[in-house]
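Residue numbering for the sequence shown follows the working numbering, starting at 1227 and increasing by one per position.
What follows is one structure encoded as structure tokens, with my remarks underneath.
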Amino acid sequence: MKKLFFTVIAALCCHLTAPAGDIFVSSTAGNDKAAGTREAPLKTLEQALKQAREWRRLGSRNAEGGINIIMSGGVYRLYKPLFIRPEDSGTADSPTIIRSADGERAVISGGTEVKGWRKGCDDERLPAGVRDKVWVADAPMTGNRIVETRQLWADGHKAMRASQFAYGVMERMKAFNTTDESITIPTPKTDLSRARQLEMTVHQRWAIAILRVREMKDMGNGLTKVWFHQPESQIEFAHPWPQPVIDGERGSSSFFLCNAAELLDEPGEWYQDYPSGRIYYYPEDGKDPNTMDITVPVLETLLTIGGTRERHVSNIRFENIAFEHSAWRRPLYEGHVTLQGGFRFIDGYKLAEPGLFHKAELENQAWIARPEAAVTAQFADSIGFSSCTFSHTGATAVDLAYAVSSSDITGCTFTDIGGTAIMAGGG
């Protein structure tokens, strides 16, 4: 009996003190065919997740006390979003923790560097005074396609797209015509008749709209009429709330024009030409961009934690990881008209006869969609982010979208976020 008693106690102690299994990853010294040990690390987080998944599938003792995926400091550039699925789930006693090595910082990046800058540009659309100061580079390739971008970071700072005015400056519109779907503005000082990718950003009450310009016509008397591409034109002029204000108590709504070679006139601005994809950059202080870190984003989403209604993802944690450089390209293809919180209109219009089943006096009918996010989760439990950083995102940073519970974001910092830092819940 004593022998059996001590055997049971010993077995319980071994179970309670089972060490976590470690998988090591290094973006510079790793190899995805290696064993994933400290001496022979893997190269990618994707392969580390696969190894952890196999440990759990096969019931390996390495997973009994949890799994630590330890990432050496450095940049881990992604060519597709990381996908954590139900098969990756840990348990309360055996979580999967993805963390930076002690004293180091791993960066998960959806961006790529722009290289091969050449000084000087003879593009006649550029202002004559800056042609010898502008640098040009070919857009990076992803697969067999050029990278189209609305974001560019120079030495960690988000550069401003070529704009009509200096940062923070806008002008007030003169008329907003829902009949012919046009906006009348003061005639720009710059000739924009050849601008092929021109956009107007409109500030309308609590939201903005980004509208791709289709046509501009000088109406005389210092006024110019502007028409826009579909589908955003129909949505912008049909939805009643929010719309621009004309001659309101505090004046009319404001706007600015951007994204044209003709507007590339200030240091720090940039422009990408289509269809060539060439990137024009006017560096500050006469810098040589070949000596700078110039990054454009490739991926809109870096990490997807995706369970199903029947099988949630659970017990996954990220510690001391940096998530950087996510894209937001939608306005390039269909503009962007928002309701609030970055939620875009799919469709919207004023009801001729007000009233919906849940609100009799409602006159604004609308259908909306969530913005893109660098990190997104759905059908997930006990997901954690601690001491992480989220920066240089095109849209939302973290979206805990649907059916996410018992999860936390603790001690994290959010910097240079294109949209909302944290979005949670359905909508």
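In this text, a Cβ means the ideal position worked out from N, Cα and C, and glycines have one as well.
Grab the span of the beta strand (DSSP E) containing residue i for me, first residue to last.
i, result
"Phe1454", "1449-1454"
"Ser1326", "1322-1326"
"Lys1443", "1433-1446"
"Ala1274", "That residue, Ala1274, is in no beta strand (DSSP E); its alpha helix (DSSP H) goes 1271-1283."
"Leu1626", "1622-1631"
"Ala1289", "Unbroken run through Ala1289: none, as it is neither H nor E."
DSSP has residue i in a bridge; who is on the other side?
i, result
"Gly1532", "Gln1604"
"Gln1566", "Phe1569"
"Phe1583", "Phe1583 is not bridged to any residue."
"Trp1379", "Lys1384, Thr1521"
"Ile1409", "Phe1402, Val1452"
"Thr1338", "Val1522"
"Val1428", "Ala1435, Phe1481"
"Asp1248", "Asn1294"
"Arg1371", "Thr1368"
Alpha carbon to alpha carbon, what distance is there between residue j and residue i?
i, j, result
"Asp1625", "Thr1527", "11 Å"
"Ile1648", "Ser1552", "15 Å"
"Lys1513", "Asp1381", "11 Å"
"Leu1230", "Arg1264", "Any reading at Leu1230 is ruled out, since the residue's pLDDT is 39, under 50, leaving its predicted position unreliable."
"Ala1650", "Ala1595", "14 Å"
"Gly1448", "Leu1565", "32 Å"
"Asp1348", "Arg1357", "6 Å"
"His1241", "Trp1281", "Bear in mind that the predicted position of His1241 carries a pLDDT of just 46, short of 50, making it unreliable; the figure below should be weighed with that in mind. So the alpha carbons of these two residues sit roughly 17 Å apart."
"Gln1377", "Gly1291", "42 Å"
"His1618", "Glu1579", "45 Å"
"Ala1392", "Thr1641", "22 Å"
"Ile1643", "Ile1436", "18 Å"
"Asn1403", "Lys1359", "40 Å"
"Ile1293", "Gly1262", "12 Å"
If you follow the alpha helix (DSSP H) that residue i is in, where does it begin and where does it stop?
i, result
"Tyr1508", "Unbroken run through Tyr1508: none, as it is neither H nor E."
"Glu1543", "Looking at the sequence provided, one finds Arg at residue 1543 rather than Glu. Unbroken run through Arg1543 is the beta strand (DSSP E), 1539-1545; no alpha helix (DSSP H)."
"Phe1463", "1458-1464"
"Tyr1305", "Premise fails: Tyr1305 is in no alpha helix (DSSP H) and is neither H nor E."
"Gln1469", "Premise fails: Gln1469 is in no alpha helix (DSSP H) and is neither H nor E."
"Leu1483", "Looking at the DSSP string, Leu1483 is not in any alpha helix (DSSP H); the run it does join, the beta strand (DSSP E), is 1480-1484."
"Glu1560", "1556-1560"
Considering only C-alpha positions, which residue in the set the options is nearest to residue i?
i, options, result
"Gln1390", "Phe1482, Gly1285, Ala1629", "Phe1482"
"Ala1401", "Ile1542, Gly1474, Leu1271", "Gly1474"
"Thr1254", "Gly1262, Ala1260, Lys1269, Leu1582", "Lys1269"
"Asp1328", "Glu1545, Pro1557, Gln1423", "Glu1545"
"Ser1419", "His1429, Arg1287, Ser1408, Arg1440", "Arg1440"
"Asn1590", "Phe1463, Ser1613, Asn1516, Ile1324", "Phe1463"
"Met1386", "Met1442, Arg1351, Asp1491", "Asp1491"
"Cys1638", "Gly1568, Gly1610, Thr1615, Thr1646", "Thr1615"
"Asp1417", "Ala1486, Arg1535, Pro1366", "Ala1486"
"Pro1457", "Gln1498, Arg1570, Val1373, Ala1433", "Arg1570"
"Glu1510", "Phe1454, Gly1477, Trp1379, Cys1484", "Trp1379"
"Arg1351", "Tyr1497, Ala1627, Glu1550, Gly1477", "Tyr1497"
"Arg1325", "Asp1634, Leu1308, Gly1561, Val1251", "Val1251"
Can you tell me the Cβ-Cβ gap for residue i and residue j, rounded? I've got them flagged as a contact below 8 Å.
i, j, result
"Gly1247", "Ala1289", "6 Å"
"Ala1599", "Thr1622", "4 Å"
"Trp1199", "Pro1515", "There is no way to answer for residue 1199, as the model of the chain reaches only from 1227 to 1653."
"Ile1547", "Ile1531", "The pair is not a contact, with the Cβ atoms about 14 Å apart (cut-off 8 Å)."
"Thr1534", "Pro1312", "7 Å"
"Ser1315", "Ser1540", "5 Å"
Taking only beta-carbon atoms, is residue i less than 8 Å away from chain B?
i, result
"Thr1615", "Of the protein chains in the structure, only one exists, and it is not chain B."
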